[in-house]
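If you're matching positions, the sequence shown starts at 1 in the UniProt record's numbering and goes up one per residue.
The C-beta atom is built at its ideal place from N, Cα and C for all residues, glycine as well.
Following: one structure in structure tokens, then a few remarks.
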Amino acid sequence: MQAVIAARAAQTVLTAFPSQLFLFYPQLNPAFTPISVAVAAETKTAVAIIKGGSQIQGLISLSQPTNGPTTVNVRVTGLKPGSHGFHLHEFGGTTNGCISTGSHFNPNKLKHGAPKDKIRHAGDLGNIVANADGIAETTIVDNQIPLSGPNAIIVRAFVVHELEDDLGKGGVELSLPTGNAGGRLACGVPYFKLPCPLSQFTRKNCICTSL
């Protein structure tokens, strides 16, 4: 009998003073989320140093929240003004220069395309555009280049090409496999943490400098 009376009393208070009750007993609020469940999403970050012949160099920083797209911030200097194909290639080894990076990263075995195309290589990131001073700066947000999981891009390689990527629509023999973007000017391997200090980047004993 006492339990019934207590239940009725609680219902009366809940009906008459819902906001006050939720203030002291938030777990009674239908919208209440326990603090233990509200876990902040983890954001992974990585960096790649771009190095090539002549004066070409650059920095790429990457970040990806849990289950979100990867944001790629690119800055490359020393380029000829104009558009340059920019891709992620399958291998991170650069023992023979950028040639060692293999083909475009293409885990789904599709044809070359533009970044927004449904049919594209995962590594098809379009073009970066150098200004009159030879500096290319851009931000790319993409869902196909995760920093973790089976298709993770860590220790693969970003490559800057000599020519503009025609996005697979140039109508020539090399359009569909490579975008007809020409030779490889510079490349860099993304790491969660660089294998050597940035100040030592040009030393031969650092595996991040094997261009």
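Discussion item. Please state the DSSP three-state secondary structure of residue 107.
Written reply: Indexing the sequence shown from 1 puts residue 107 at position 107. Judged by DSSP in its simplified three-state form, residue 107 adopts coil rather than helix or strand.
Fill in: the stretch 74-86 in contact with the stretch 138-158 per 3-pair CB rule at 8 Å
Put simply, the stretch 74-86 touches the stretch 138-158. At least three CB pairs are less than 8 Å apart.
Discussion item. Measuring straight from C-alpha to C-alpha, what distance separates residue 189 and residue 165?
Written reply: Translated into positions along the sequence shown, residue 189 becomes position 189. Translated into positions along the sequence shown, residue 165 becomes position 165. Taking the straight line joining both Cα atoms gives about 21 Å.
Practice prompt. Pull up the CB-CB distance for residue 92 and residue 134, whole angstroms please, since I reckon it's below 8 Å.
Written response: Position 92 of the sequence shown holds residue 92. Position 134 of the sequence shown holds residue 134. Separation of the CB atoms of residue 92 and residue 134 is rounded to 26 Å, and the pair is thereby denied contact status at 8 Å.
Worksheet item: Which residue's Cα is closest to the Cα of residue 97: 57, 150, 185?
Response: What you label residue 97 is simply residue 97 of the sequence shown in a count that begins at 1. Cα-wise, what sits closest to residue 97 is 185.
Worksheet entry | Straight-line Cα distance separating residue 136 from residue 76 | Along the sequence shown, read from residue 1 onward, the residue named residue 76 stands at position 76. Along the sequence shown, read from residue 1 onward, the residue named residue 136 stands at position 136. Using only the alpha carbons, I get a separation of about 5 Å.
Worksheet item: With 16 as the cutoff for other CB atoms within 10 Å, does residue 145 come out buried or exposed?
Response: Counting from one through the sequence shown, the residue named residue 145 turns up at place 145. By the 10 Å Cβ count, residue 145 comes out buried.
Worksheet item: Helix, strand or coil: how does DSSP classify residue 147 here?
Response: By one-based count along the sequence shown, residue 147 stands at place 147. Residue state, collapsed to three classes: coil.
Worksheet item: Between the C-alpha atoms of residue 106 and residue 182, what's the straight-line distance to the nearest angstrom?
Response: Position 106 of the sequence shown, counted from the first residue, corresponds to residue 106. Position 182 of the sequence shown, counted from the first residue, corresponds to residue 182. For residue 106 and residue 182, the distance between alpha carbons rounds to 19 Å.
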